[in-house]
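If you read the protein sequences in the order shown, they are chains A and B.
Numbers 1 to 156, taken from the UniProt record's numbering, label the letters of the first sequence in order.
Numbers 1 to 156, taken from the UniProt record's numbering, label the letters of the second sequence in order.
Worksheet: one structure, shown below.
2 protein chains.
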Amino acid sequence: MTDAAPPRWLTPDEERAWRAYRRMQTVLPVALARDLARDSGLSDPDYDVLSTLSEQPDHRWQLRELAARMLWSRSRLSHHLARMETRGLVTREPDPGDGRNAVVVLTDHGFATLEAAAPAHVESVRRHLVDLATPDELAALAALAERVVAEVGDLT
Amino acid sequence: MTDAAPPRWLTPDEERAWRAYRRMQTVLPVALARDLARDSGLSDPDYDVLSTLSEQPDHRWQLRELAARMLWSRSRLSHHLARMETRGLVTREPDPGDGRNAVVVLTDHGFATLEAAAPAHVESVRRHLVDLATPDELAALAALAERVVAEVGDLT
DNA sequence: CTTGGATCGATGACATGTCAACGACACGGC
DNA sequence: GCCGTGTCGTTGACATGTCATCGATCCAAG
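Below you can see the structure in the form of structure tokens.
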């Protein structure tokens, strides 16, 4: 048995980046969620569901695929859809091809709500993040984030 | 009354960065939390509380100040401390100076748990984020994150 | 001293997420 | 056809966070 490797602590620069990142990760979602709720009455997850659904030309998606696309568990999506359904944003339909599946459909009201919410939300993302970054920083963020996501890989 | 400003959509580069950031923000905490729970049985918030407490030389902190430092609500911290207290990680003591206050104290067991958890946690942060970034990217991330936090300001 | 307002931490109701089951259904090998 | 196995979405129990409210305590004005 060899000794365990000695811990490699973070350098001051690394520590600074890590702390700043964590603080941003705490604060930014709160600010965005607050704007979104004020402007359109939607929560962040609500907006995610609606906008992902609208990516499909016919505004329908099989639950399992929608969950996979959003990196959500099927359970979480099912719970959340139940809440959105009572608000008339989405509906569920049976799949004629496979009796196990549920097809999630964006209602007209849901689509209209999304369209009404989108401009202010984009503006909010700009104000709190995108417009604060230089082009270089934005490119660095994109490259790093993509690398991180790839490294983590499948969380199954 | 002037017309509302037309929405400024995100450019392709901005859209790419925004999407990548969101995906990282979904995936990275899950990966870190999984490592931490496996290695030490602590959750992410557990670790935050313990490590912030340990910053103080005497390992004690007034609840209100601890909450402010962590950007948590007092309610959240109170709830979480109640759970950590049953596990023997922290205790609460009255403040002799001011009867309203509660002083949170790190127990020996809590400190030992933190010390045992730290090396693996740092290693996990390195593997999933820090070691994946070039020095330039890390500097850009730190600068951007600090700007974002400053812009959002106080969430009171 | 007393009193009115402010602050502190605790608490209960509620919203939202996770996890482990479960029933319904699909499908390949027999 | 029938059964064993796997997948799908749902559900209930539970964990964790938010929000409104509360009693206890402090403090300053009168």
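Note that CB positions come from ideal geometry on N, CA and C, so glycine has one too.
All values derive from a computational prediction rather than experimental measurement.
| field | Beta-carbon separation (whole angstroms), A/Arg60 vs A/Val27, contact threshold 8 Å | value | That belief does not hold up - the Cβ atoms of A/Arg60 and A/Val27 are roughly 36 Å apart, past 8 Å.
| task | Whole angstroms is fine: what's the gap from B/Val130's alpha carbon to B/Asp39's? | result | Spanning the two alpha carbons is a distance of roughly 19 Å.
| task | Decide if A/Ala121 is buried, meaning its Cβ has at least 16 other Cβ atoms within 10 Å, or exposed. | result | The question names Ala, but residue 121 of chain A is His in the sequence shown. Residue burial is scored here from C-beta neighbours: A/His121 has at least 16 other C-beta atoms within 10 angstroms and is therefore classed as buried.
| said: Distance cutoff 7 Å, beta carbons only. Does B/Thr26 sit that close to anything in chain A? | reply: yes
| said: By the three-class DSSP mapping on this structure, what secondary structure does B/Pro96 have? | reply: It is coil, neither helix nor strand.
| field | Alpha-carbon to alpha-carbon, B/Pro12 and B/Ala140 | value | The straight-line gap from Cα to Cα measures roughly 20 Å.
| Going along the chain, which residues of its own chain have a beta-carbon closer than 7 Å to the beta-carbon of A/Glu93, five neighbours each way excluded? | Val103 and Val105.
| field | Straight-line gap, A/Leu50 to B/Asp108 (C-alpha atoms, nearest Å) | value | 49 Å
| task | Count the other CB atoms, across all protein chains shown, that sit within 10 Å of the CB of A/Asp136; report buried if there are 16 or more and exposed otherwise. | result | exposed
| Touch test, the segment 83-90 of chain A against the segment 13-26 of chain A, Cβ-Cβ under 8 Å, three pairs minimum | The segment 83-90 of chain A vs the segment 13-26 of chain A: no contact.
| request: Express the C-alpha separation of B/Ala33 and B/Ala118 in angstroms, rounding to a whole number. | output: 13 Å
| said: Can you pull the chain B neighbours of A/Trp9, defined as C-beta to C-beta under 8 Å? | reply: Val122
| message | Below 7 Å on C-beta distance, what does A/Trp61 contact in chain B? | response | Near A/Trp61 there are no residues of chain B at all, since even the closest Cβ is about 18 Å away, more than 7 Å.
| request: Pull up the distance between the alpha-carbon of A/Arg74 and that of A/Leu63, whole angstroms please. | output: 7 Å
| How would you call A/Val30, buried or exposed, if buried means at least 16 neighbouring beta carbons within 10 angstroms? | Burial is judged here by how many other beta carbons sit within 10 angstroms of a residue's own beta carbon; A/Val30 has fewer than 16 and is exposed.
| request: At 7 Å on the CB atoms, spell out the chain B contacts of A/Glu151, in chain order. | output: His128 and Leu132
| request: Have a look at B/Met72 and B/Arg22 and give me their C-alpha separation to the nearest angstrom. | output: Rather than Met, the amino acid found at residue 72 of chain B in this sequence is Trp. Their backbone Cα atoms lie some 22 Å apart in a straight line.
| task | Would you mind giving the Cβ-Cβ distance between B/Met24 and A/Ala145, rounded to the nearest angstrom? I have them listed as a contact below 8 Å. | result | 4 Å
| What is the C-beta distance between A/Ala142 and B/Ala20, in whole angstroms, given that I count them as a contact (C-beta under 8 Å)? | Sure, about 5 Å apart at Cβ, within 8 Å.
| request: Taking C-beta pairs closer than 7 Å, name the residues in chain A that B/Arg147 reaches, listed in chain order. | output: Leu132
| message | Runs of 3 residues minimum, wholly inside the UniProt domain "HTH marR-type" (14-150) of chain B: which ones carry the beta strand (DSSP E) assignment? | response | 60-62, 90-94 and 102-106
| task | Give a yes or no on whether the C-beta atoms belonging to residue 210 of chain B and A/Val148 are separated by under 7 Å. | result | Residue 210 of chain B cannot be examined here, being either before or after the span of chain B that is shown, 1 to 156.
| field | Selected residue, minimal CA-CA separation from residue 165 of chain B, among B/Asp46, B/Ser54 and B/Asp98 | value | Nothing about residue 165 of chain B can be read from this structure; chain B reaches only from 1 to 156.
| query | If the cut is a Cβ gap below 8 Å, which residues of chain B does A/Ala68 touch? | reply | Chain order gives no chain B residues near A/Ala68, where near means a beta carbon separation below 8 Å; the closest approach is about 13 Å.
| message | Spatial neighbours of A/Asp48 within its chain, please: C-beta separation below 7 Å, excluding the five flanking residues on both sides. | response | Met70
| query | Does the separation of the CB atoms of A/Leu114 and A/Ser54 fall below 7 Å? | reply | yes
| Which one of B/Glu123, B/Arg100 and B/Pro57 has the shortest CA to CA distance from A/Arg8? | Nearest to A/Arg8 by C-alpha distance, out of B/Glu123, B/Arg100 and B/Pro57, is B/Glu123.
| message | One question on the structure: do B/Val90 and B/Gly110 come within less than 7 Å of each other, judged by their Cβ atoms? | response | yes
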